[in-house]
Structure formats: C-alpha cells, structure tokens
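See structure below.
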Amino acid sequence: MKKWQCVVCGLIYDERLGWPEEGIAAGTAWEDVPEDWVCPDCGVGKSDFEMIEIA
Amino acid sequence: MSEPVVIVGTGLAGYNLAKEFRKLDGDSPLLLITADDGRSYSKPMLSTGFAKGKDADGLVMAEPGTMAEQLKAEVRTHTRVTGIDPAHKRLWIGEEAVTYRDLVLAWGADPIRVPVDGDAQDAIFSINDLEDYARFRAAATGKRRVLILGAGLIGCEFANDLSSGGYQVEVVAPCEQLMPGLIHPAAAAAVQVGLEGLGVRFHLGPLLTRLEHAGDGLLAQLSDGTRVDCDLVVSAVGLRPRTELAAAAGLAVNRGIVVDRRLQTSQPHIYALGDCAEVEGLNLLFVMPLMACARALAQTLAGKPAEVSYGPMPVLVKTPVCPLVVSPPPRGMSGDWTVEGSGADIKALCRDASGRLIGYALTGAAVQEKLALNRELPALLA
Chain Y
1 MKKWQCVVCG LIYDERLGWP EEGIAAGTAW EDVPEDWVCP DCGVGKSDFE MIEIA
Chain E
56 MSEPVVIVGT GLAGYNLAKE FRKLDGDSPL LLITADDGRS YSKPMLSTGF AKGKDADGLV
116 MAEPGTMAEQ LKAEVRTHTR VTGIDPAHKR LWIGEEAVTY RDLVLAWGAD PIRVPVDGDA
176 QDAIFSINDL EDYARFRAAA TGKRRVLILG AGLIGCEFAN DLSSGGYQVE VVAPCEQLMP
236 GLIHPAAAAA VQVGLEGLGV RFHLGPLLTR LEHAGDGLLA QLSDGTRVDC DLVVSAVGLR
296 PRTELAAAAG LAVNRGIVVD RRLQTSQPHI YALGDCAEVE GLNLLFVMPL MACARALAQT
356 LAGKPAEVSY GPMPVLVKTP VCPLVVSPPP RGMSGDWTVE GSGADIKALC RDASGRLIGY
416 ALTGAAVQEK LALNRELPAL LA
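As you go down the protein sequences, you meet chains Y and E in turn.
The numbering of the first sequence is our numbering, which starts it at 1 and goes up by one.
The numbering of the second sequence is our numbering, which starts it at 56 and goes up by one.
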C-alpha cells in the first residue's frame, strides 16, 4: 500500500484508507482510482499526483 | 527567434500555468521571472508545516533548475520586474528591456500590515510564501508563545498548526466569531471549541495596539486593556492583490488586476491569474479557481482562446482538530440558513427562496456530506 500526494495542494491519498466518502473503497490502489477523479481540494487530475512514500 | 511567453511569478499560479501550457505547446519559448528563489512548493502546505515537522527546505518540491528543465523554460530568480510597456510589448527589469509575445502577471498578493505602536515591530511576521515561512521558522526555533493577529481562515489554520507543533497560541481579532463573512456562526463556534481544546486562547473583539520587547519576550497590549505575554507575533489579517505595476502601466485595476473570462487585462497580450487577478469581479485566493484559470489560459496561450468558468468551489479549511469545509453563497445571492447537528458536528445550509441550496458550512463528521451537497450547489462563474 502506498501514499500519493497532490503536488498542487499537498492532499494525501492513502491507498490503505481509500476515500470512502467519495466512493473509493479502502485498499483501492492508485492505479484503480478512476482516471476522471480529481483532487477534492484543488481540482487537479490524477496526473498531478505523485507518490511520496511506500508504507 | 520568436519572442517568449513571459510569466511573472513562480508560485502556484506561475508554475501551474507553465505546466498546463507545456502540455499543449512544447516548443514556444517560455520565460519565468521571479523576485523569489524560484523553488517550487505547494502554498497550502505553509499552514500544515509545524504539525508535520517540516521546515522550508522540507516543503520544497523542486529547485528552479529542475523546473526550468521540466518546463523547457528559462527561470530567472531573484529578479524583480520594475515596469511594463504594453505599447512596445516589453517589460523592464531595471535598465534591461525584455520583449514578450504574451505577458502573464502571476505575482500574487501582499500581506496587509496593520499599524502597531511599540518597539517590537520586527517581531511581527507574515507568512505568505516559502521564504516568509523559512524566516518565521528560524525565528520560532526555541520559542514557545505565539500571538496570532486575525481569526480568518489563515489565522485559524496557523492556530491549529502551531498548537499541534507544540506552541502556546493566543489569537486576537476585532470580530465576534472566527472566520466572519466566510462561515455561519454555529460552524465558527464548533471550530473555536476545537481549537480551544488544543489550548488556543481567543481574544475576540479587541485589536493589538502596542507591542514591546519585555525581558526575553514580548508584551502585547490589546485595545481592551488585556496584556498578553508572547515571543512572536504572526499577522494573518488578509492579503491585498499586487496591482501597482499594472496600474502604472495603464492596466485597469480594481481590487485586483481586472481581467475578463479569457484572463486578459485591459491590454491585449497581457493576462493575469491567481491572487493578483480579479476575474469578472471575483478575486478568489484559493487553489481551485487558480487551477481553473491556469487551464483556460494555457489554451488561450496555445492558440485556442478559452474562457474560464468556475463550478461550485468549496474550500477545505485546514483545522484538523475540527475539520471544516465551506462554500459561501455566491455574491448577489441570499437565502436563509438552517443549522443541524451539535457539538463539533455542524451542518449549516443556506437555501434561497425557492429552496435551492446556495451555500454551506460543514464541520466535524458533517464534512462527509460535502460531495452530495456539492452536486446541488450553483456555479460561481457559470
């Protein structure tokens, strides 16, 4: 399970936790998050996230 | 060689515009000019750095050299633009003239300074960019007590962050609630209780009138007679878009540099976005509208003129002790508020006369309802 960070606003996507309130189940790998998903804080797309660490 | 597209400023606005532009146009010459050191960082992180134990270097995502390579651009750092000459499509850096194909002003806003008496003005810090943050962090090392001026969004975020980072925080602001004008009083009360639980003390109503050195620390005197001992003061009373150079060049300015939906100023080939820009009357100092502008302007600069539109733009306030998301009613719309919930979990909704949702403030567990509510919200700039 990895963590990804939005390079624009710093928001972190943690694969272990997923994003249940946005319909992304806990344990969802980043590659399985829909391509049209955007950062809830700043509106950037998946291409502007980067991996910050491997937990 | 053709003249470059010149972007003044390498904050979120400048660098993200350059990134979006390069997705569409890989070849046109591109020059970025900044008065700062040009390091790339995410500004929202400036108000979470103490809790995460990150110093300024730790927040840097890329050095200017790396950015230049990635963007296939020239990045001139520590370089201050001193004038713009729209008639000749050039700008001035002191005596040096730089001509442009198109010019983009992305130079941000200045922190507002409030006048204070006393001999300790030098202990008042504003934190509006990475270099400010580095200065403040250096000054805060080994200190314990911070007085924050202002209980707006940034003041509240700093209060949470500095408390979590181990500082004893007091906040003084001439208002009756936190984030007045932005959130419903019930939501403000929830956040206040949360921050007080961290040990933050609020002085709502008075102003700081005098700040003096006293022993090893500072003595702050408030207008209601209260005296506060502290070591440092952070001023977070608001930002003023930088408009002077634009006005001097004859560009229309109001609160910010006036631009239309194509982000064009009153002069052709000069554009503005980010904290310095007023887009159709809206000067929104948030990341989401900035990114919408960057994407639209990149299209225009790449030869496909595009207009920006804003959907609903909820703002997530970084007060982790009591999470808050807010979407104030758009200007010109009014309605009635209803408040549900209690304690830390407040759902305040604003509906117009026809019952349509036009704004909200959600705290605590209610934040989870954000997505469902966003679908009902009107666009800010349709």
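Quick reminder that beta carbons are idealized off the backbone N, C-alpha and C, glycines included.
For clarity, every value in this text was computed on a predicted model and none was experimentally measured.
Closer than 8 Å, CB to CB, is residue i near chain Y or not?
i	result
Met100(E)	yes
Gln276(E)	no
Leu371(E)	yes
Met388(E)	no
Asn183(E)	no
Met234(E)	no
Ala46(E)	Nothing about residue 46(E) can be reported from this structure: the residues present for chain E run from 56 to 437 only.
Val342(E)	yes
Leu263(E)	no
Leu426(E)	yes
Asn71(E)	yes
Met116(E)	yes
Leu67(E)	yes
Gln423(E)	yes
Identify whether residue i lies in helix, strand or coil by the three-state DSSP scheme.
i	result
Gly69(E)	helix
Cys39(Y)	coil
Gln276(E)	strand
Asp140(E)	strand
Ile401(E)	strand
Pro99(E)	helix
Ala327(E)	strand
Pro296(E)	strand
Val44(Y)	coil
Arg350(E)	helix
Ile238(E)	coil
Ala164(E)	strand
Val227(E)	strand
Asp391(E)	strand
Arg145(E)	strand
Glu150(E)	coil
Gln125(E)	helix
Arg77(E)	helix
Under 8 Å, Cβ to Cβ, is there at least one residue of chain E near residue i?
i	result
Glu21(Y)	yes
Val33(Y)	no
Asp36(Y)	no
Asp64(Y)	Look at the range of chain Y in this structure, 1 to 55, and you will see that residue 64(Y) is not part of it.
Would you call residue i buried or exposed, if buried means 16 or more other Cβ atoms sit within 10 Å of its Cβ?
i	result
His143(E)	exposed
Leu464(E)	For residue 464(E) there is no data in the structure shown, the boundaries of chain E being 56 and 437.
Asp279(E)	exposed
Ile88(E)	buried
Arg94(E)	buried
Pro34(Y)	exposed
Thr374(E)	buried
Gln276(E)	buried
Asp91(E)	buried
Ile312(E)	buried
His133(E)	exposed
Asn338(E)	buried
Met234(E)	buried
Ser57(E)	exposed
Arg135(E)	exposed
Do you know offhand how far residue i's Cα is from residue j's?
i	j	result
Val44(Y)	Met346(E)	7 Å
Met122(E)	Val394(E)	47 Å
Leu146(E)	Ile325(E)	11 Å
Phe191(E)	Asn71(E)	26 Å
Ile401(E)	Ala245(E)	7 Å
Glu251(E)	Leu17(Y)	29 Å
Ala228(E)	Leu126(E)	42 Å
Pro360(E)	Leu318(E)	10 Å
Ile209(E)	Lys98(E)	12 Å
Cys39(Y)	Pro84(E)	30 Å
Ser219(E)	Phe341(E)	24 Å
Pro59(E)	His258(E)	51 Å
Is the Cβ-Cβ distance between residue i and residue j less than 8 Å?
i	j	result
Val381(E)	Val363(E)	no
Asp172(E)	Thr103(E)	no
Val201(E)	Cys285(E)	yes
Cys405(E)	Gly414(E)	yes
Leu204(E)	Val292(E)	yes
Arg297(E)	Trp162(E)	yes
Ala303(E)	Ser321(E)	no
Glu335(E)	Arg316(E)	yes
Ala214(E)	Val169(E)	no
Leu185(E)	Val63(E)	no
Val283(E)	Glu225(E)	yes
Name the chain C residues whose beta carbon is nearer than 8 Å to that of residue i?
i	result
Gly10(Y)	Chain labels in this structure do not include chain C; the protein chains are Y and E.
Compute the minimum distance between the beta carbon of residue i and the heavy atoms of the ligand PLP, and state whether it is under 7 Å.
i	result
Asp330(E)	With respect to the ligand PLP, the structure shown offers nothing to examine, as it has no ligands at all.
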